[in-house]
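**Q**
There are 2 protein chains.
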Amino acid sequence: MSLLTVGSVAFDAIETPFGKTDKIIGGAGTYIAFSSSYFVPTQNIVSVVGNDFPQEMLDKLKGRGVNLEGLQIKQGEKTFFWSGRYHNDMNSRDTLVTELNVLEHFDPIIPASYQGADYVLLGNLSPQVQKTVIERLDTRPKLVAMDTMNFWMDIAMDALKETLKLVDVLIINDEEARQLSGEYSLVKAAKKIREMGPTYLIIKKGEHGALLFHGEQVFFAPALPLEEVFDPTGAGDTFAGGFMGYIASTDDYSFENMKRAIITGSAMASFCVEEFGTNKLENLTKSEIEERIQSFVRLTDFDMVQTVG
Amino acid sequence: MSLLTVGSVAFDAIETPFGKTDKIIGGAGTYIAFSSSYFVPTQNIVSVVGNDFPQEMLDKLKGRGVNLEGLQIKQGEKTFFWSGRYHNDMNSRDTLVTELNVLEHFDPIIPASYQGADYVLLGNLSPQVQKTVIERLDTRPKLVAMDTMNFWMDIAMDALKETLKLVDVLIINDEEARQLSGEYSLVKAAKKIREMGPTYLIIKKGEHGALLFHGEQVFFAPALPLEEVFDPTGAGDTFAGGFMGYIASTDDYSFENMKRAIITGSAMASFCVEEFGTNKLENLTKSEIEERIQSFVRLTDFDMVQTVG
Numbered sequence: 217m218s219l220l221t222v223g224s225v226a227f228d229a230i231e232t233p234f235g236k237t238d239k240i241i242g243g244a245g246t247y248i249a250f251s252s253s254y255f256v257p258t259q260n261i262v263s264v265v266g267n268d269f270p271q272e273m274l275d276k277l278k279g280r281g282v283n284l285e286g287l288q289i290k291q292g293e294k295t296f297f298w299s300g301r302y303h304n305d306m307n308s309r310d311t312l313v314t315e316l317n318v319l320e321h322f323d324p325i326i327p328a329s330y331q332g333a334d335y336v337l338l339g340n341l342s343p344q345v346q347k348t349v350i351e352r353l354d355t356r357p358k359l360v361a362m363d364t365m366n367f368w369m370d371i372a373m374d375a376l377k378e379t380l381k382l383v384d385v386l387i388i389n390d391e392e393a394r395q396l397s398g399e400y401s402l403v404k405a406a407k408k409i410r411e412m413g414p415t416y417l418i419i420k421k422g423e424h425g426a427l428l429f430h431g432e433q434v435f436f437a438p439a440l441p442l443e444e445v446f447d448p449t450g451a452g453d454t455f456a457g458g459f460m461g462y463i464a465s466t467d468d469y470s471f472e473n474m475k476r477a478i479i480t481g482s483a484m485a486s487f488c489v490e491e492f493g494t495n496k497l498e499n500l501t502k503s504e505i506e507e508r509i510q511s512f513v514r515l516t517d518f519d520m521v522q523t524v525g
Numbered sequence: 217m218s219l220l221t222v223g224s225v226a227f228d229a230i231e232t233p234f235g236k237t238d239k240i241i242g243g244a245g246t247y248i249a250f251s252s253s254y255f256v257p258t259q260n261i262v263s264v265v266g267n268d269f270p271q272e273m274l275d276k277l278k279g280r281g282v283n284l285e286g287l288q289i290k291q292g293e294k295t296f297f298w299s300g301r302y303h304n305d306m307n308s309r310d311t312l313v314t315e316l317n318v319l320e321h322f323d324p325i326i327p328a329s330y331q332g333a334d335y336v337l338l339g340n341l342s343p344q345v346q347k348t349v350i351e352r353l354d355t356r357p358k359l360v361a362m363d364t365m366n367f368w369m370d371i372a373m374d375a376l377k378e379t380l381k382l383v384d385v386l387i388i389n390d391e392e393a394r395q396l397s398g399e400y401s402l403v404k405a406a407k408k409i410r411e412m413g414p415t416y417l418i419i420k421k422g423e424h425g426a427l428l429f430h431g432e433q434v435f436f437a438p439a440l441p442l443e444e445v446f447d448p449t450g451a452g453d454t455f456a457g458g459f460m461g462y463i464a465s466t467d468d469y470s471f472e473n474m475k476r477a478i479i480t481g482s483a484m485a486s487f488c489v490e491e492f493g494t495n496k497l498e499n500l501t502k503s504e505i506e507e508r509i510q511s512f513v514r515l516t517d518f519d520m521v522q523t524v525g
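Protein chains in written order, with this note's numbering: chain A, 217 to 525; chain B, 217 to 525.
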């Protein structure tokens, strides 16, 4: 089934306790595209870069089945740039530089060939841009998922809430869920957020896994315990890409299948953090992914034959 | 199979964002005894109280099949008292008062009738006392599990490491695992700690669940997402009691059965935090426990029919 993904294609510069990069390729849209590409043979991406963006990376994306017709290349403009430094715990980071560049006036144009998308994943972007994408679709997709972040809650909460009304699945982290809802308890936060629009809510807890809420149902997926997290950048986007790629490839958004999609997204995220940037995500094999997913099965599998004696 | 539990039987005074108690009954040994009592028909406890300890609570423990022959009642002395205040996140707390009283010179005497224990759970106490208990057993139990805390790592690390050599299962939280090993990564911490003696390591992560490490195997059990955590006091002891009660009642300490024991311990801990002190743990029914364990099954159950498309 057809998958439309929207998100930034960008430059990042990253410092972690393990090292430092020069400008490398990043952006939510890039991580999403690579991650979902292992599940859907083709996908349509909507994004924007400047003419400083390397053709080599565009070729890599094309090579993974990513249709770039909706990727605008702005002549004489510069690609979005973000730079950040991770703290020792790798769970928190400081933003050092944000240069919006082409994102400042990004108008998400949907090519005619993209219309009729069954599944849509809106990566982290301004809520106005996300809303515009949904409004420009001629037909209502089967499922619209979106990511957002605390930054938009700080400066554009009203617009964010308007966008949320149009979305089926919201994917955010625990701190963002708390900020959006004003509730500390994630169970209470999940209730309030689902009253805002999304009937499905995924709360990512980084190294502590992820929760899926829908109706009275809850599913918990762990993160794989790793010896080292080398670079967490893009892990959330990679999770979302794996999740939505799995849903689109199976054309099944039942709660049972969403569980599998979350395990799949978690497996993809566990690859992402092993190297800087998108390195690890560019050349995975199916058997590597299968094996990683089986690690999640082994990690959580138990058979409760007898309970109270 | 016979279960020997060792731990403080004490008074607590607790402040949480939800309220405040006067002196109530607490202590690791108390929580362990109540929790494991739902799985083993009898258990032998080794502990000490002053003669200020209420007979009513001793009767309650007896009523739950707890043999008190090894509970010393020190005439003219006072019971151990701890008072603490939880922060708003309920994950951290300040100790307000610690009065060791009878624990200061606690000599853990093992009644002759307790000898031959198959399973031994050493609740949090000084590592010297824990070691003395093991040394006073005439026969090596099938499995010895112990809990400890950062306090002993601060003041008695050498003694703690001596005790660890004698233990099969260590049950500690994530911060304690990091302090004990000097490693931030829990996977690395688990390796180092298992080189100290215990072949099984359980790392409790509070609301984020628990990990079991053994050889090359890892198992992850989630915590149940709760609307409110009313009082976390004793949750770790309750977990350990449920874990070891389940192991003893099934007389099976295979890795597969330890997984079930961890789910059981997690279920018991989820009851503990719903009310102040041991209230909730004193009168559970088997069907309540069964139902709670099934909530864990539902929370983590998935069936990975198809992975990479």
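Cβ atoms here follow ideal geometry from the backbone N, Cα and C, with glycine treated the same way.
Does Ile463 of chain A come out as helix, strand or coil in the three-state DSSP assignment?
**A** Correct three-state label for Ile463 of chain A: helix.
**Q** Using a cut-off of 7 Å between C-beta atoms, extract the partners of Val513 of chain A located in chain B.
**A** By Cβ distance, chain B contributes Met520.
**Q** Where does Val521 of chain A sit, in a helix, a strand or coil, going by DSSP?
**A** If DSSP states are grouped into helix, strand and coil, Val521 of chain A belongs with coil.
**Q** Let me see if you follow: with CB-CB separation under 8 Å, is Thr516 of chain B close to chain A or not?
**A** It does: the Cβ of Thr516 of chain B has a partner Cβ on chain A nearer than 8 Å.
**Q** Would you please verify whether the beta carbon of Val336 of chain B is less than 8 Å from any beta carbon of chain A?
**A** Chain A, which has no Cβ nearer than 8 Å to the Cβ of Val336 of chain B, makes this no.
**Q** Residues bridged to Gln259 of chain A by DSSP?
**A** Note: Gln259 of chain A sits in a beta bridge opposite A:Val282.
**Q** Which residues of chain A have a Cβ atom closer than 8 Å to the Cβ of Leu359 of chain B, listed in chain order?
**A** Going along chain A, no residue has its Cβ under 8 Å from Leu359 of chain B, so there is no contact; the nearest lies around 17 Å.
**Q** Can you find at least 3 beta carbon pairs, one from the region 326-346 of chain A and one from the region 296-309 of chain A, that sit closer than 8 Å?
**A** Judged by Cβ distances under 8 Å, the region 326-346 of chain A makes no contact with the region 296-309 of chain A, as fewer than three pairs qualify.
**Q** Around the C-beta of Gln346 of chain A, are 16 or more other C-beta atoms found within 10 angstroms, so that it is buried, or is it exposed?
**A** Its Cβ being crowded by 16 or more others within 10 Å, Gln346 of chain A is buried.
**Q** Which class does Glu506 of chain B belong to by DSSP, given the choice of helix, strand or coil?
**A** In this structure, Glu506 of chain B counts as helix in the three-state DSSP scheme.
**Q** For Ile505 of chain A, I'd like the list of residues in its chain whose CB is within less than 7 Å of its CB, leaving aside the five on either flank, ordered along the chain.
**A** Here the set comprises Tyr254 and Ala483.
**Q** Buried or exposed for Phe158 of chain B, please, with buried defined as at least 16 other CB atoms from any protein chain shown within 10 angstroms of its CB.
**A** Residue coverage of chain B in this structure runs from 217 to 525, which leaves residue 158 of chain B outside it and unanswerable.
**Q** Can you give me, in chain order, the residues of the region 431-447 of chain A that have a beta carbon less than 7 Å from any beta carbon in chain B?
**A** Cβ contacts with chain B come from Val434, Phe435, Phe436, Pro438, Pro441, Leu442, Glu443 and Glu444.
**Q** For the region 284-308 of chain A, list the beta strand (DSSP E) runs that are entirely contained and at least 3 residues long, ordered along the chain.
**A** Those beta strand (DSSP E) runs which fall completely within the region 284-308 of chain A and span 3+ residues are 297-302.
**Q** In the region 459-476 of chain A, which residues sit with their C-beta less than 7 Å from some C-beta in chain B, listed in chain order?
**A** Listed in sequence order: Ser465, Thr466, Lys475 and Arg476.
**Q** Indicate the three-state DSSP secondary structure (helix, strand or coil) for Lys407 of chain B in the structure shown.
**A** Correct three-state label for Lys407 of chain B: helix.
**Q** Just checking: is the beta-carbon of Ile479 of chain B within a distance shorter than 8 Å of some beta-carbon in chain A?
**A** Yes - at least one Cβ of chain A is within 8 Å of the one on Ile479 of chain B.
**Q** Can you list, in chain order, the residues of its chain with a C-beta nearer than 7 Å to that of Phe322 of chain B? Leave out the 5 residues immediately preceding and following it.
**A** The answer, listed in chain order, is Val264 and Val345.
**Q** Taking the beta strand (DSSP E) that Gly242 of chain A falls in, what are its first and last residues?
**A** Start and end: Ile240 to Gly242.
**Q** If you follow the alpha helix (DSSP H) that Glu351 of chain A is part of, which residue opens it and which one closes it?
**A** Here the alpha helix (DSSP H) through Glu351 of chain A covers Pro343 to Glu351.
**Q** If you draw a straight line from the alpha carbon of Met373 of chain A to that of Glu399 of chain A, how long is it in whole angstroms?
**A** Their Cα atoms are separated by approximately 16 Å.
**Q** Whose CA, out of B:Gly458, B:Leu220 and B:Ile418, lies closest to the CA of Lys502 of chain B?
**A** For Lys502 of chain B, the nearest C-alpha among the options comes from B:Gly458.
**Q** Against chain B, does His424 of chain A count as a neighbour if the rule is that its beta carbon must be under 8 Å from one of theirs?
**A** Yes, its Cβ sits closer than 8 Å to a Cβ of chain B.
**Q** Output yes if chain B places a C-beta closer than 8 Å to the C-beta of Val403 of chain A; else output no.
**A** Yes, its Cβ sits closer than 8 Å to a Cβ of chain B.
**Q** If you compare alpha carbons, which of B:Asp384, B:Lys408 and B:Glu423 is closest to Met460 of chain B?
**A** That would be B:Asp384, whose Cα lies nearest to the Cα of Met460 of chain B.
**Q** What is the residue span of the beta strand (DSSP E) that Gln433 of chain A lies within?
**A** Per DSSP, Gln433 of chain A belongs to the beta strand (DSSP E) from Gln433 to Ala437.
**Q** State the Cα-Cα distance for the pair Leu312 of chain B and Asp228 of chain B, rounded to the nearest angstrom.
**A** Using only the alpha carbons, I get a separation of about 11 Å.
**Q** Specify the secondary structure class of Phe487 of chain A as computed by DSSP and reduced to three states.
**A** Of the three classes helix, strand and coil, the one that applies to Phe487 of chain A here is helix, per DSSP.
**Q** Taking the continuous alpha helix (DSSP H) assigned at Leu396 of chain B, which residues delimit it?
**A** From DSSP, the alpha helix (DSSP H) with Leu396 of chain B extends over Asp390 to Ser397.
**Q** Does the CB of Leu427 of chain A have a neighbour CB from chain B at under 8 Å?
**A** Closer than 8 Å to some Cβ of chain B, the Cβ of Leu427 of chain A qualifies, so yes.
**Q** Take Gly278 of chain A and list the residues in its own chain whose beta-carbon comes closer than 8 Å to its own, dropping the five residues that flank it on each side.
**A** According to the sequence shown, residue 278 of chain A is Lys rather than Gly. Closer than 8 Å at Cβ, skipping near neighbours: Leu284.
**Q** Using three-state DSSP, classify Met217 of chain A as helix, strand or coil.
**A** Three-state result, Met217 of chain A: coil.
**Q** Please state whether the Cβ-Cβ distance between Thr232 of chain B and Asp447 of chain B is less than 8 Å.
**A** Yes, these two residues count as a Cβ contact at 8 Å.
**Q** If you draw a straight line from the alpha carbon of Val434 of chain B to that of Ala477 of chain B, how long is it in whole angstroms?
**A** So the alpha carbons of these two residues sit roughly 14 Å apart.
**Q** What's the C-alpha gap between Glu472 of chain B and Phe518 of chain A?
**A** Approximately 7 Å between the Cα atoms of the pair.
**Q** When the Cα atoms are used, what is the spatial distance from Ile248 of chain A to Gly223 of chain A?
**A** Straight-line Cα distance between these residues: approximately 8 Å.
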